[in-house]
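Step one of this worksheet: look at the structure below.
Protein chains: 2
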Amino acid sequence: MKILISNDDGISSPGLNALAIELKKLGDVTIVAPVTEQSAVGHAITMKYPLRITDFYKNGDFFGYAVDGTPADCIKIGIRNIMHEPPDIVVSGINLGSNTAINIIYSGTVSAAREAAIMDVPSIAVSVTSHEAKDFSFAAKFSSRLAQMVAKNKMPAGTLLNVNIPDLPEDQISGVLLTQQGKSKWDDVYEERKDPYGQKYYWLTGNLVQHDTTLETDQFAIRKNYVSVTPIHFDLTDYKTYDTMKSWQLENLFKQKS
Amino acid sequence: MKILISNDDGISSPGLNALAIELKKLGDVTIVAPVTEQSAVGHAITMKYPLRITDFYKNGDFFGYAVDGTPADCIKIGIRNIMHEPPDIVVSGINLGSNTAINIIYSGTVSAAREAAIMDVPSIAVSVTSHEAKDFSFAAKFSSRLAQMVAKNKMPAGTLLNVNIPDLPEDQISGVLLTQQGKSKWDDVYEERKDPYGQKYYWLTGNLVQHDTTLETDQFAIRKNYVSVTPIHFDLTDYKTYDTMKSWQLENLFKQKS
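So the sequences go chain by chain: A and B.
Position 186, counted from 1, in the first sequence is what my numbering calls 186; the numbers after and before it change by one each time, with no gaps.
Position 62, counted from 1, in the second sequence is what my numbering calls 320; the numbers after and before it change by one each time, with no gaps.
Right, dumping it as structure tokens:
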């Protein structure tokens, strides 16, 4: 099994290291990850600037390829110019902090896996629910088991799995649930501050407002200490509104001369 | 009508200027746009650094607010800290270059409108099909007519309209079509080059491979010189695969101890 690993926390992240150690038991692992932390970069790709690829060493041994770009860049250049052929699976993570509900939209971890899905490679994004997680052993083992299940069941083209794992010892985890993206979203607050020169600046903070109340949603599942597995895709068409809008008579916009 | 305008080409873009001139005929326009070009940033938001807001002047007159962040940042901070209340509509654009098929995923223009939809504000992303477009008059007029139609018909919460307009004189445009996101995607190529110091670097290029062959898709519609209007949303759940995966028995991943 040829496995490509990436993340958005950067190539020196302990979550990526734990994932690599576990997945090396399954097959050939190639690591291509951002030089620096790329949280909340969404599905950004680098077009206006070139990318560089640097060999990254850990304890004196070659560990992987560091790219001075985004998570999506790492998947593209990793497959095209480092591996030169698609891997059997891409695993992105293990991210510090959950990627559920609206956070999926902003997540670099998910976007790396999504870029793989765009390239027709089965992929999984894995996050643990705490930014302070220290023990990734269960999350890494779960990722490995899921990777094997994906290989066995075949993933439909254009789909990836978004996995969120409670930051708890295995015996305190309630189980695993197949879920949908939740509706919880941020109540944003920009903190207004002044720099040493008296100039205003604004820092994004806020609270995630819980709109999810059933175990069918990723956000509620992790609150109840379940592992959440959500299939997501990149067809953004809102088919329900598409049907509704047939009655809008858009053609009137064109005939109406101003 | 209170209107918030943003884009990803930056506050000095002629496409944004043309849109502002036209929409000022409809109501009160507030402009909040990135200081610099932010193409292909996707739905990135700025969390690790603060944002600054600068008054931007054009020909000696106040024009709008420049934010040193991403298109999604502009919508968040524009609504929270500049307007202090939601506008009636957000219009993002007019972007230089089409945002159809897979490009929707990477687009900053679309992400600005999507951020508005997340904040429950009706929104429209507008792009013209050429990077060299000079005449935005039809695209701006069409955006204004569509904004009025959206206000009249009410947009379902969580939906935005992604609009692509051929870079042609109005009398050469075939008409307007309600479309779905196409399946065309990039065959990426990273050009390998050497810097003046002999070090390798890689620049993303590639060709958009046309997988769309019907006028129901955004990509084919613009190739046939139609204006394309696609309703999109941010529920990324792949419901078809969700149903398929019920037979995967994910619970076995948890029982299976390693």
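Where is the CB? At the ideal position from N, CA and C, for every residue including glycine.
For clarity, every value in this text was computed on a predicted model and none was experimentally measured.
Reduced DSSP category for threonine 213 of chain A - H, G, I as helix; E, B as strand; rest coil:
One-based indexing of the first sequence puts residue 213 of chain A at position 213. Threonine 213 of chain A falls in the coil class under three-state DSSP.
Which class does glutamine 296 of chain B belong to by DSSP, given the choice of helix, strand or coil?
Reading the second sequence from its first residue, position 38 is the one you call residue 296 of chain B. Glutamine 296 of chain B falls in the coil class under three-state DSSP.
In angstroms, rounded to a whole number, what distance separates the CA positions of asparagine 262 of chain B and proline 345 of chain B?
What you label residue 262 of chain B is simply residue 4 of the second sequence in a count that begins at 1. What you label residue 345 of chain B is simply residue 87 of the second sequence in a count that begins at 1. Per the sequence presented here, residue 262 of chain B reads as leucine, with asparagine not at that position. The straight-line gap from Cα to Cα measures roughly 6 Å.
Extent of the continuous beta strand (DSSP E) to which isoleucine 269 of chain B belongs:
In the second sequence, the residue the question calls residue 269 of chain B occupies position 11. Where isoleucine 269 of chain B is concerned, there is no enclosing beta strand (DSSP E), given that its DSSP letter is neither H nor E.
Could you tell me the distance, in whole angstroms, from the CA atom of alanine 140 of chain A to the CA atom of glutamate 22 of chain A?
The residue given as residue 140 of chain A occupies position 140 in the first sequence. The residue given as residue 22 of chain A occupies position 22 in the first sequence. C-alpha separation (whole angstroms): 6 Å.
When the Cα of glycine 182 of chain A is compared with those of A/Val163, A/Tyr202 and A/Thr217, which residue comes out closest?
Within the first sequence, residue 182 of chain A is the residue found at index 182, counting from 1. Checked all of A/Val163, A/Tyr202 and A/Thr217; the closest Cα to glycine 182 of chain A is A/Thr217.
Hey, does serine 258 of chain A have any beta-carbon neighbour from chain B nearer than 7 Å?
Against the first sequence, residue 258 of chain A aligns to sequence position 258. Only weak support is given to the placement of serine 258 of chain A: the predicted model assigns it a pLDDT of 45, under 50, and the question is left unresolved by the model.
Pick out whichever of A/Thr46, A/Gly78, A/Ile31 and A/Asp73 has its Cα sitting closest to the Cα of phenylalanine 62 of chain A.
The residue you call residue 62 of chain A lines up with position 62 of the first sequence. For the residues A/Thr46, A/Gly78, A/Ile31 and A/Asp73, the minimum Cα distance to phenylalanine 62 of chain A belongs to A/Ile31.
Distance between glycine 318 of chain B and asparagine 540 of chain B (C-alpha atoms, nearest Å)
Since the first and last residues shown for chain B are 259 and 516, residue 540 of chain B lies out of range.
Please check if any C-beta of chain A sits within less than 7 Å of the C-beta of isoleucine 490 of chain B.
Residue mapping note: residue 490 of chain B aligns to position 232 of the second sequence, counting from 1. Interface residue, yes.
Could you tell me the alpha carbon to alpha carbon distance between lysine 200 of chain A and lysine 194 of chain A, rounded to whole angstroms?
One-based indexing of the first sequence puts residue 200 of chain A at position 200. One-based indexing of the first sequence puts residue 194 of chain A at position 194. Roughly 4 Å between the two C-alpha positions.
Does the separation of the CB atoms of valine 67 of chain A and isoleucine 89 of chain A fall below 7 Å?
By 1-based counting over the first sequence, the position of residue 67 of chain A is 67. By 1-based counting over the first sequence, the position of residue 89 of chain A is 89. No, the pair does not count as a contact, with Cβ atoms beyond the cut-off.
If we count the other Cβ atoms within 10 Å of its Cβ and call it buried at 16 or more, is proline 34 of chain A buried or exposed?
For the purposes of this step, residue 34 of chain A is taken as residue 34 along the first sequence, with counting starting at 1. Residue environment: proline 34 of chain A is assigned as buried (16 or more neighbouring CB atoms within 10 Å of its CB, all protein chains considered).
Contact check, glycine 366 of chain B vs glutamine 296 of chain B, beta carbons under 7 Å
Taking the first residue of the second sequence as 1, we reach residue 366 of chain B at position 108. Taking the first residue of the second sequence as 1, we reach residue 296 of chain B at position 38. In this structure, glutamine 296 of chain B lies closer than 7 Å to glycine 366 of chain B by Cβ.
Thinking C-beta only, is proline 427 of chain B closer than 7 Å to threonine 387 of chain B?
As a working mapping, residue 387 of chain B is identified with position 129 in the second sequence. As a working mapping, residue 427 of chain B is identified with position 169 in the second sequence. In this structure, proline 427 of chain B does not lie closer than 7 Å to threonine 387 of chain B by Cβ.
Min CB distance alanine 40 of chain A to chain B below 7 Å:
Position 40 of the first sequence, counted from the first residue, corresponds to residue 40 of chain A. Yes - at least one Cβ of chain B is within 7 Å of the one on alanine 40 of chain A.
Could you tell me the boundaries of the beta strand (DSSP E) in which arginine 193 of chain A lies?
Your numbering for residue 193 of chain A matches position 193 in the first sequence. Looking at the DSSP string, the run of the beta strand (DSSP E) that includes arginine 193 of chain A is 185-194.
Cβ atoms of isoleucine 333 of chain B and alanine 370 of chain B: under 7 Å apart, would you say?
One-based indexing of the second sequence puts residue 370 of chain B at position 112. One-based indexing of the second sequence puts residue 333 of chain B at position 75. It is a contact, given that the beta carbons lie within the stated cut-off.
DSSP three-state assignment for glutamine 439 of chain B, whether helix, strand or coil
The residue given as residue 439 of chain B occupies position 181 in the second sequence. Coil.
Flag tyrosine 315 of chain B as yes if its beta-carbon sits less than 7 Å from any beta-carbon of chain A, otherwise no.
The sequence position of residue 315 of chain B within the second sequence is 57, counting from 1. Answer no: the Cβ-Cβ gap between tyrosine 315 of chain B and chain A never drops below 7 Å.
Under 7 Å, do alanine 44 of chain A and phenylalanine 136 of chain A count as touching if we go by C-beta distance?
As a working note, residue 44 of chain A is residue 44 in the first sequence. As a working note, residue 136 of chain A is residue 136 in the first sequence. Pairing alanine 44 of chain A with phenylalanine 136 of chain A gives a Cβ-Cβ distance that is not under 7 Å.
Any beta-carbon of chain A closer than 7 Å to the one on tyrosine 484 of chain B?
Looking up residue 484 of chain B in the second sequence gives position 226. Not one chain A Cβ lies under 7 Å of tyrosine 484 of chain B.
Cα-Cα separation between serine 516 of chain B and aspartate 171 of chain A, rounded to whole angstroms:
For the purposes of this step, residue 516 of chain B is taken as residue 258 along the second sequence, with counting starting at 1. For the purposes of this step, residue 171 of chain A is taken as residue 171 along the first sequence, with counting starting at 1. Unreliable positioning characterises serine 516 of chain B in this predicted model, as indicated by a pLDDT of 45, which lies under 50. The coordinate reading is nonetheless provided below. For serine 516 of chain B and aspartate 171 of chain A, the distance between alpha carbons rounds to 13 Å.
Establish whether the CB of proline 424 of chain B and some CB of chain A are separated by less than 7 Å.
The residue you call residue 424 of chain B lines up with position 166 of the second sequence. For proline 424 of chain B, the answer is no, since every Cβ of chain A falls outside 7 Å of its Cβ.
Is serine 107 of chain A helix, strand or coil when you go by DSSP?
Within the first sequence, the letter at position 107 stands for residue 107 of chain A. Three-state result, serine 107 of chain A: coil.
How would you list, in chain order, the residues of chain B whose beta-carbon sits under 7 Å from the beta-carbon of threonine 159 of chain A?
Position 159 of the first sequence, counted from the first residue, corresponds to residue 159 of chain A. Neighbours of threonine 159 of chain A on chain B, chain order: Asp496 and Thr499.
For alanine 151 of chain A, which residues of its own chain have a beta-carbon under 8 Å away from its beta-carbon, when the five flanking residues on both sides are left out?
On the first sequence, position 151 is the one that residue 151 of chain A refers to. Around alanine 151 of chain A: Met1, Asp88, Ile89 and Pro122.
Just the C-alpha distance for arginine 260 of chain A and tyrosine 197 of chain A, rounded to the nearest angstrom, thanks.
Because chain A here runs from 1 to 258, residue 260 of chain A falls outside it and cannot be looked at.
Apply the 10 Å Cβ neighbour rule to threonine 417 of chain B and answer buried if 16 or more other Cβ atoms are within range, or exposed otherwise.
Here residue 417 of chain B is taken as the residue at index 159 of the second sequence, counted from 1. Looking at its Cβ environment, which holds 16 or more other Cβ atoms inside 10 Å, threonine 417 of chain B is buried.
Helix, strand or coil: which one does DSSP assign to aspartate 73 of chain A?
Your numbering for residue 73 of chain A matches position 73 in the first sequence. Aspartate 73 of chain A falls in the helix class under three-state DSSP.
Separation of aspartate 73 of chain A from glutamate 85 of chain A, as counted between CA atoms
As a working mapping, residue 85 of chain A is identified with position 85 in the first sequence. As a working mapping, residue 73 of chain A is identified with position 73 in the first sequence. So the alpha carbons of these two residues sit roughly 16 Å apart.
By alpha-carbon positions, which one of B/Tyr448, B/Lys316 and B/Met305 ends up nearest to lysine 327 of chain B?
Within the second sequence, the letter at position 69 stands for residue 327 of chain B. Looking at the sequence shown, residue 327 of chain B is not lysine but glycine. Out of B/Tyr448, B/Lys316 and B/Met305, B/Met305 has the C-alpha closest to the C-alpha of glycine 327 of chain B.
Cα-Cα separation, threonine 499 of chain B to isoleucine 363 of chain B:
Within the second sequence, the letter at position 241 stands for residue 499 of chain B. Within the second sequence, the letter at position 105 stands for residue 363 of chain B. So the two alpha carbons sit approximately 20 Å from each other.
Does methionine 83 of chain A get closer than 7 Å to chain E when you measure Cβ to Cβ?
In the structure shown, chain E does not exist; the protein chains are A and B.
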